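Step one of this worksheet: look at the structure below.
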Amino acid sequence: MLEGCTPWPEEFASRYRQRGYWRGQTVPQAIFEVIARHGSKTAIVYGGRRISYFELGQRVGAMARGLMRHGIKPRERVVLQLPNSPEFLVAFLALQQAGAIPVLALPAHRQAEIGHFIRHAGAVAYIGADIDRGFDFRAMADEILRRETSLAHVFINGAPNPGQVALDALMAADDETPLPEIGAGDIALMLLSGGTTALPKLIPRTHDDYVYNFRQSGAVSGFDDATVYLAILPLAHNFALGSPGILATLAYGGTIVMSAETRADDVFPLIERERISVVCGAVPLAIAWLNSDVPARHDLSSVRLFINGGARLAPELRQRLEEMFSCTYQESFGTAEGLLNQTRLDDPAPIRFESSGRPISEADEIRIVDDEDRDVPDGTPGELICRGPYTIRGYYNAPEINAAAFTEDGFYRTGDMVKRNNGSLYVEGRKKDLINRGGEKISSEEVENLIYTNPKVKGVCVVAMPDAMFGEKACAFLIPRDGETMTFEELVAHLAKCNIAKFKLPERLEIVDTFPTSPAGKILRKDLRKIIADKIAAERAGGGQAGLS
Ligand code: AMP
1 MLEGCTPWPE
11 EFASRYRQRG
21 YWRGQTVPQA
31 IFEVIARHGS
41 KTAIVYGGRR
51 ISYFELGQRV
61 GAMARGLMRH
71 GIKPRERVVL
81 QLPNSPEFLV
91 AFLALQQAGA
101 IPVLALPAHR
111 QAEIGHFIRH
121 AGAVAYIGAD
131 IDRGFDFRAM
141 ADEILRRETS
151 LAHVFINGAP
161 NPGQVALDAL
171 MAADDETPLP
181 EIGAGDIALM
191 LLSGGTTALP
201 KLIPRTHDDY
211 VYNFRQSGAV
221 SGFDDATVYL
231 AILPLAHNFA
241 LGSPGILATL
251 AYGGTIVMSA
261 ETRADDVFPL
271 IERERISVVC
281 GAVPLAIAWL
291 NSDVPARHDL
301 SSVRLFINGG
311 ARLAPELRQR
321 LEEMFSCTYQ
331 ESFGTAEGLL
341 NQTRLDDPAP
351 IRFESSGRPI
361 SEADEIRIVD
371 DEDRDVPDGT
381 PGELICRGPY
391 TIRGYYNAPE
401 INAAAFTEDG
411 FYRTGDMVKR
421 NNGSLYVEGR
431 KKDLINRGGE
441 KISSEEVENL
451 IYTNPKVKGV
461 CVVAMPDAMF
471 GEKACAFLIP
481 RDGETMTFEE
491 LVAHLAKCNI
501 AKFKLPERLE
511 IVDTFPTSPA
521 GKILRKDLRK
531 IIADKIAAER
541 AGGGQAGLS
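Going by the working numbering, the sequence shown runs without a break in its numbering and finishes at 549.
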């Protein structure tokens, strides 16, 4: 296994193999097995394009060889940052066929984050768009290339800058070079952690574990070759990629309908036209769609399943989604580190609407523990910790973080507070300092560190505030230095200069003199969350605008 990754102890690994959880198959092998069977079937629909399984296989093979011609070698890391498009999937599988390891960045990430991923992963290449939503990724890549010594290649989907290579050009030659042998125990991809630390951690997933992840998640969601999956959430997210995501769709011989648009006006005609059967959404999308009159104008009878992931959706909204689509609702409470919990399709309504599901695998070991790691009884909230055949044993190259994030016997500390009732889990809150903005995670520490670089700031604390659409948004409590002040606009302008993803920006600023602290001097973030929640509730009650201030 790649240096810097923590393997499963042999006793666990051999058990997972023996019991068939690990099939000894790489991610591309699992997909090519289906390509061999379903050649002429449509694998991907994207705008006016329809790509067959056969064509997908050809493009993947050609790109893998093109990457190899450019010197990309097995186990080298490559940051992949593409909007939802067939090229995302082709590049993802091609990198793996060439033995390289895609590091999955979101289209929203900017120079600060991409630079960090490249440095931390020691990446040799970057694959990005030319221009997307008005942002020039080529210029960003040029800038990063000047700073990051490991980076040797920039591949661009579209028109590259001088010195960069067009992704299409990789596929030009008629090349029969044999592809390298890749072990199923090798690292297949690196996902980004939901972020509780100053900068996102990298989550190395092996071929064996990830193939099991998407096959098992797909089985629990009833995927088969009739599945027509709507891919609108960013594909770099574990939920949209492999939980069950586009990879399970292919593994079961279904069809992926991709779109980078999420508005009801774009999505619902697509559902009708392509007879989509599985819709994966997140809290803000579900709310926007439920508040829209567009769905009522379309034939949605093809939809059999709506899966929500990334953040908890309220029970009444789950029920309304079932009514809107005449489908089954499935809640997915997952982690990119591994463990996935999904409600079952035949669960009774109270479980589907209220619970956060239960582990997808009989081999998932979960415990719910108090602050001293003692198991709490059913019905009592505690921290969820877990291990199993698809839950990592450590982040990439992060020994100190690993010592805190995993127990000595290899359980991953999710930081989620849950209770268990009759086998189902219910998320009640969390221990970790992050803001869950409709599924996108914001690390308080990361944003605070950037705000501290402003000389006007004496103290800052970024916490979650309630939001009707996103569930939570970031609110900055700030103590200015003596004689200084700061406006919301100044704060945003300062952070904009830091070149970070926009979704991380605080959406409200509260200027204060002090922070509430414990007798030991620790800032009581819980109290700050309550202060801002009460204030917003009072503003709402008073008819005031609970928005930016
Ligand atoms: P990520 O690694 O970005 O997939 O984030 C995983 C985290 O998102 C979990 O540890 C939870 O805190 C949160 N999460 C994901 N899905 C749900 C859900 N359905 N309900 C509540 N929290 C969720």
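Even glycine gets a Cβ: it sits at the ideal position worked out from N, Cα and C. Quick caveat, the model's predicted, so the values are computed rather than measured.
Using DSSP with H/G/I as helix, E/B as strand and the rest coil, what is S549?
-> The sequence position of residue 549 within the sequence shown is 549, counting from 1. Here S549 scores only 37 on pLDDT, less than 50, and its place in the model is too uncertain to base an answer on.
Less than 6 angstroms between the CB of S518 and some heavy atom of the ligand AMP, yes or no?
-> Residue numbering aside, residue 518 sits at position 518 when the sequence shown is read from its first letter. It does not: the Cβ of S518 is nowhere closer than 6 angstroms to a heavy atom of the ligand AMP.
C-alpha gap between I101 and L189, whole angstroms = Taking the sequence shown and counting its residues from 1, one reaches residue 101 at position 101. Taking the sequence shown and counting its residues from 1, one reaches residue 189 at position 189. Cα to Cα, I101 sits roughly 5 angstroms from L189.
Report all residues from its chain with a CB closer than 6 angstroms to the CB of I435; omit the five preceding and five following residues, and keep chain order.
-> What you label residue 435 is simply residue 435 of the sequence shown in a count that begins at 1. Taken in chain order, the residues that qualify are I442, A464, E472, A474.
To the nearest angstrom, report how far apart P399 and A405 are at their CA atoms.
-> To locate residue 399, count along the sequence shown from 1; it is residue 399. To locate residue 405, count along the sequence shown from 1; it is residue 405. When rounded, the distance between both Cα atoms is 10 angstroms.
Run of the alpha helix (DSSP H) containing G245, from where it starts to where it stops = Residue numbering aside, residue 245 sits at position 245 when the sequence shown is read from its first letter. Note, G245: alpha helix (DSSP H), 245-251.
When you compare only the Cα positions, how much space is there between G521 and G439?
-> For this step, residue 521 is matched to residue 521 along the sequence shown. For this step, residue 439 is matched to residue 439 along the sequence shown. If I take the Cα positions, the gap works out to 32 angstroms.
Evaluate contact between the stretch 202-209 and the stretch 174-184, counting only Cβ atoms and requiring at least three cross-stretch pairs below 8 angstroms.
-> yes
N341 (DSSP reduced to helix, strand or coil) = In the sequence shown, residue 341 corresponds to position 341, counting from 1. N341 falls in the strand class under three-state DSSP.
By DSSP, does A551 sit in helix, in strand, or in coil?
-> As shown, the chain starts at 1 and ends at 549. That puts residue 551 outside it, with no answer to give.
Whole-angstrom Cβ separation of L167 and I131, contact assumed at under 8 angstroms?
-> Reading the sequence shown from its first residue, position 167 is the one you call residue 167. Reading the sequence shown from its first residue, position 131 is the one you call residue 131. Not confirmed; about 14 angstroms, so no contact.
F248, buried or exposed, once every other Cβ within 10 Å from all chains shown has been counted against 16 | Within the sequence shown, the letter at position 248 stands for residue 248. Just to set this straight, residue 248 is Ala in the shown sequence, not Phe. Flag for A248 reads buried.
V154: first and last residue of the uninterrupted alpha helix (DSSP H) it sits in | Numbered from its first residue, the sequence shown carries residue 154 at position 154. First-last for V154: 153-157, but that is the beta strand (DSSP E), not the alpha helix (DSSP H).
Is F137 near the ligand AMP, judged by its Cβ being under 6 angstroms from some heavy atom?
-> Your numbering for residue 137 matches position 137 in the sequence shown. No; taking the cut-off as 6 angstroms, the Cβ of F137 has no heavy atom of the ligand AMP nearer than that.
Kindly indicate which three-state DSSP category L67 falls into: helix, strand or coil?
-> The sequence position of residue 67 within the sequence shown is 67, counting from 1. It is helical.
Might you give, ordered along the chain, the residues of its own chain that have their beta carbon closer than 6 angstroms to the beta carbon of F306, omitting 5 neighbours on each side?
-> Locating residue 306 in the sequence shown gives position 306, where the first residue counts as 1. Around F306: V279, L321, F325, C327, Y329.
With a Cβ-Cβ cutoff of 7 angstroms, do F503 and R430 count as a contact?
-> Locating residue 503 in the sequence shown gives position 503, where the first residue counts as 1. Locating residue 430 in the sequence shown gives position 430, where the first residue counts as 1. For F503 and R430, no; Cβs fall outside 7 angstroms.
In three-state terms, what does DSSP make of N402?
-> Within the sequence shown, residue 402 is the residue found at index 402, counting from 1. Note: N402 maps to helix in three-state DSSP.
Between the CA atoms of R387 and P160 - distance to the nearest angstrom = For the purposes of this step, residue 160 is taken as the residue at position 160 of the sequence shown. For the purposes of this step, residue 387 is taken as the residue at position 387 of the sequence shown. So the two alpha carbons sit approximately 43 angstroms from each other.
What do you reckon, are the CB atoms on I360 and S217 nearer than 7 angstroms?
-> Mapped onto the sequence shown, residue 360 falls at position 360. Mapped onto the sequence shown, residue 217 falls at position 217. Against a cut-off of 7 angstroms, the Cβ pair of S217 and I360 comes out as a contact.
Any idea if A139 is buried or exposed, counting beta-carbon neighbours within 10 angstroms, 16 or more meaning buried?
-> On the sequence shown, position 139 is the one that residue 139 refers to. A139 comes out exposed.
Which two residues bound the contiguous alpha helix (DSSP H) that contains A240?
-> In the sequence shown, the residue the question calls residue 240 occupies position 240. A240 -> alpha helix (DSSP H) spans 238-242.
Under the rule that 16 or more other beta-carbon atoms within 10 Å means buried, what is Q164, buried or exposed?
-> One-based indexing of the sequence shown puts residue 164 at position 164. Its Cβ being crowded by 16 or more others within 10 Å, Q164 is buried.
Since R77 is in the beta strand (DSSP E), which residue starts that stretch and which ends it?
-> For the purposes of this step, residue 77 is taken as residue 77 along the sequence shown, with counting starting at 1. From DSSP, the beta strand (DSSP E) with R77 extends over 77-81.
Could you check how far apart the C-beta atoms of Q25 and V220 are, in whole angstroms? I think they sit under 8 angstroms.
-> By one-based count along the sequence shown, residue 25 stands at place 25. By one-based count along the sequence shown, residue 220 stands at place 220. About 19 angstroms separates the two Cβ atoms, so there is no contact after all.
Rounded C-alpha distance that separates G547 from A198 | Mapped onto the sequence shown, residue 547 falls at position 547. Mapped onto the sequence shown, residue 198 falls at position 198. Low local confidence applies: a pLDDT of 44 at G547 is under 50, so the model's placement there is unreliable, and no value is given.
I307 bridges to which residues according to DSSP?
-> As a working note, residue 307 is residue 307 in the sequence shown. Partner(s): C280, Q330.
Backbone secondary structure at I532 - three-state DSSP | Numbered from its first residue, the sequence shown carries residue 532 at position 532. I532: helix per DSSP, three-state reduction.
Residues that DSSP places opposite T255 in a beta bridge = As a first step, residue 255 must be located in the sequence shown, where it is residue number 255. According to DSSP, which records beta bridges pairwise, T255 is partnered with V228.
Could you give the C-beta distance for V294 and E274, rounded to a whole number, given that I count them as a contact under 8 angstroms?
-> Residue numbering aside, residue 294 sits at position 294 when the sequence shown is read from its first letter. Residue numbering aside, residue 274 sits at position 274 when the sequence shown is read from its first letter. Their Cβ separation, rounded to whole angstroms, is 16 angstroms, which puts V294 and E274 out of contact at 8 angstroms.
Give every residue of the same chain whose Cβ lies closer than 6 angstroms to the Cβ of E3, excluding the five residues on either side of it in the sequence, and list them in chain order.
-> By 1-based counting over the sequence shown, the position of residue 3 is 3. For E3, where only same-chain residues beyond five positions count, there are no Cβ hits under 6 angstroms.
Where M171 sits in the DSSP three-state scheme = The residue you call residue 171 lines up with position 171 of the sequence shown. Of the three classes helix, strand and coil, the one that applies to M171 here is helix, per DSSP.
Do L528 and F470 have their CB atoms nearer than 7 angstroms?
-> Mapped onto the sequence shown, residue 528 falls at position 528. Mapped onto the sequence shown, residue 470 falls at position 470. Contact flag unset, no.
Shortest alpha-carbon distance to G115 belongs to which of S444, G48, C498?
-> Sequence index remark: in the sequence shown, residue 115 carries index 115 (1-based). The option with the nearest alpha carbon to G115 is C498.
Taking only heavy atoms of the ligand AMP into account, decide whether any of them is closer than 6 angstroms to the Cβ of N213.
-> The residue labelled residue 213 in the question sits at position 213 within the sequence shown. False, no ligand heavy atom lies under 6 angstroms from that Cβ.
First and last residue of the alpha helix (DSSP H) that includes Y625?
-> Within the shown structure, residues of the chain are numbered from 1 to 549, placing residue 625 beyond reach of any answer.
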